[in-house]
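To start, the structure itself, in structure tokens.
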Amino acid sequence: FSPASPYFTGLWGVSVQTLYIAHWTHTPENCPGRSADGAKILSKFWEGRKLAEEKGITILGAYVTVTEHDYFIIFEAIDYGAAVEFFLPLVPSQTGKIVPVLTMDEWLKIMPK
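Residue numbers (this note's numbering): 892 to 1004.
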């Protein structure tokens, strides 16, 4: 997150993307891997990343903890609403949160000394 970034639309009239970590989880009973329908829903969600890119979302990494039933997706977005829209297909079967984060270097620059 830097005022010099081309995506921040804040006080200075410059543009910045915000970095987020999304964490989604489900119960073993609700696991998409347990049924063809669940697998189809998850596949359709993941195919939606192409449309998400058109809306300003850049996925930097996506990880699954298979035995813990968690997804962690690291992404940048200009618009939080577009991020929420991207994750909507997971809402019926998952519990999730989308958290804005700073890199450690960014935090060290602004951290009270």
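Beta carbons are placed, not taken as given, at the ideal position from N, Cα and C, and that holds for glycine.
Take ALA932 as the anchor and find which of ALA913, VAL907 and PRO980 has the nearest alpha-carbon. A quick correction: the sequence has Ile, not Ala, at residue 932. The option with the nearest alpha carbon to ILE932 is PRO980.
Of the choices SER984, TRP937 and VAL982, whose alpha-carbon is the least far from that of TYR954? TRP937
Output needed for GLN985: all residues of its chain with C-beta closer than 7 Å, excluding positions within five of it in sequence on either side, in chain order. TRP915, THR916 and HIS917
Exposed or buried, SER896, counting other C-beta atoms within 10 Å across all chains shown (16 or more means buried)? Any answer about SER896 is weak, because its pLDDT of 41 lies below 50 and its placement is not dependable; what the coordinates show is given next. By the neighbour-count rule (16 or more Cβ atoms within 10 Å), SER896 is not buried but exposed.
Buried or exposed, going by whether 16 or more other CB atoms sit within 10 Å of the CB of ALA968? buried
For the alpha helix (DSSP H) holding ILE932, just list the boundary residues, first then last. 927-938
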